[in-house]
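Shown next, in structure tokens, is the structure this report addresses.
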Amino acid sequence: MIPYGRQDITQTDIDTVVSVLKSDFLTQGPMVPRFERTVASHVGAEHALAVNSATSALHIACLALGLRAGDRLWTSPITFVASANCGLYCGAEIDFVDIDPRTYNLCPIALAHKLKQADREGCLPKVVVAVHLCGQPCDMQAIHKLAQRYGFKVIEDASHAIGGKYRGEFIGSCRYSDITVFSFHPVKIITTAEGGMALTNSTELANKMALLRSHGITRDQALMTHEAEGPWYYQQVDLGFNYRMTELQAALGVSQMDRLDQYVARRHQLADRYNDLLAGLPIATPWQHPDSYSGFHLYVIRLELKKLQVSHRQVFESLRQLDIGVNLHYIPVHTQPYYQRMGFRPGDFPQAESYYREAISLPMFQTMSEEQQDTVVAALRKAIDV
């Protein structure tokens, strides 16, 4: 089967990880800080905090921004559940903003309307999580302006987007946000097996997140309540978590970063080729905003079902039967049973639900060959019976 995503592990990656296995440190050594510096330098951020998953990064980002019970977090309904769950971990209330029908990202116009109403009702969000779906950045300048007007904090969930750009700058620079989060899961653009990272230009936020990722424990005398009792001494000054990244994961990440720009360029080549191969078919190919340079983690098509004699499910199942590992990113979060019990209902976010009824993620990974891509397109033609 041709998978929808696949990691690329080279001998250099293996050698880098093996060198760490032979070193004195498997955790809490020099490789994690090196990985953090590598990513921060590449994207133009002041600080980077590596953690064991993007979900953990979202959690400590929310906590560092002071999200707590009684506060509100808004995000897109078309995302993985972690983008919303991170607010629930902090005791906050969750709401969603419908998507733009072309980019599939959180719609800034819908956000402006919702903020205006929330301001009248006294229920503005404390945090908005802007999800860069498929690797294409949201309209961050518009979201930033709204944040300045209404006083909320902004987290960029860039789990799909490392290596992409917005208005000529790398995603992760945090020019228009307080914190940006990356994911390094195996199907993402680069991988550390499991892992994530939070980036910020705020020293205060970076220090807070560093504390939270390791049990709330510090050896920094400046943060202690009294003088250290000896060289062994540490204090727990906050309630933190064991969210640390290992040296092995960081070593893999450092090695993979050498190929990041090459990976994203190859994904653009594949996307352009898909666009050519799929031209004229009753499907919508991914529209790209002129301000964006997508990481192209995903290549999502939308079926023009009124022009087809088969259903969305039939097309999806036919592709799977033809050994094409398509997927669907994502089921709208507000339709999940857990969120339904909070009061969300089908129909709440019509653009997101329309997207879900039509979307299919085709295989997209940097080592994909043109022959594999031709196989995918031929299978799609057969599935939609054209």
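63 is the number of the first residue of the sequence shown in this note's numbering; add one for each residue after it. Where is the CB? At the ideal position from N, CA and C, for every residue including glycine.
Query: Residue range of the alpha helix (DSSP H) that includes residue 369; Result: That residue, residue 369, is in no alpha helix (DSSP H); it is neither H nor E in DSSP.
Query: Exposure label - residue 144; buried when at least 16 CB within 10 Å; Result: buried
Query: When 113, 130, 75, 138 are compared against residue 413, the one with the closest alpha-carbon; Result: 138
Query: Sheet register partners of residue 298 (DSSP bridge); Result: 279
Query: Expected contact under 8 Å - CB spacing of residue 63 and residue 436 to nearest Å; Result: Actually they do not touch by this definition, with Cβ atoms about 16 Å apart.
Query: Which residues DSSP lists as bridging residue 136, in chain order; Result: 157, 190
Query: Per-residue burial, residue 294 [other beta carbons within 10 Å of its own, 16 or more giving buried]; Result: exposed
Query: Delimiting residues of the alpha helix (DSSP H) encompassing residue 374; Result: 374–383
Query: Three-way DSSP call (helix, strand, coil) for residue 223 in this model; Result: coil
Query: C-beta atoms of residue 189 and residue 221 nearer than 9 Å; Result: no
Query: Residue 122 in three-state terms, based on DSSP; Result: helix
Query: CB contact below 9 Å: residue 166 versus chain D; Result: The chain inventory of the structure shown lacks chain D, comprising one protein chain alone.
Query: Among 409, 333, 422, 397, the one whose alpha carbon lies nearest that of residue 374; Result: 422
Query: Range of the contiguous alpha helix (DSSP H) that encloses residue 326; Result: 322–340
Query: CA-to-CA distance, residue 219 to residue 322, given in whole angstroms; Result: 18 Å
Query: Contact between the stretch 151–160 and the stretch 124–140 (3+ Cβ pairs under 8 Å); Result: yes
Query: Validate contact between the stretch 103–112 and the stretch 234–241 using beta carbons, cut 8 Å, 3 pairs; Result: yes
Query: Selected residue, minimal CA-CA separation from residue 318, among 175, 247, 281, 361; Result: 247
Query: Same chain, Cβ closer than 8 Å to residue 444, neighbours up to 5 away in sequence not counted; Result: 380, 384
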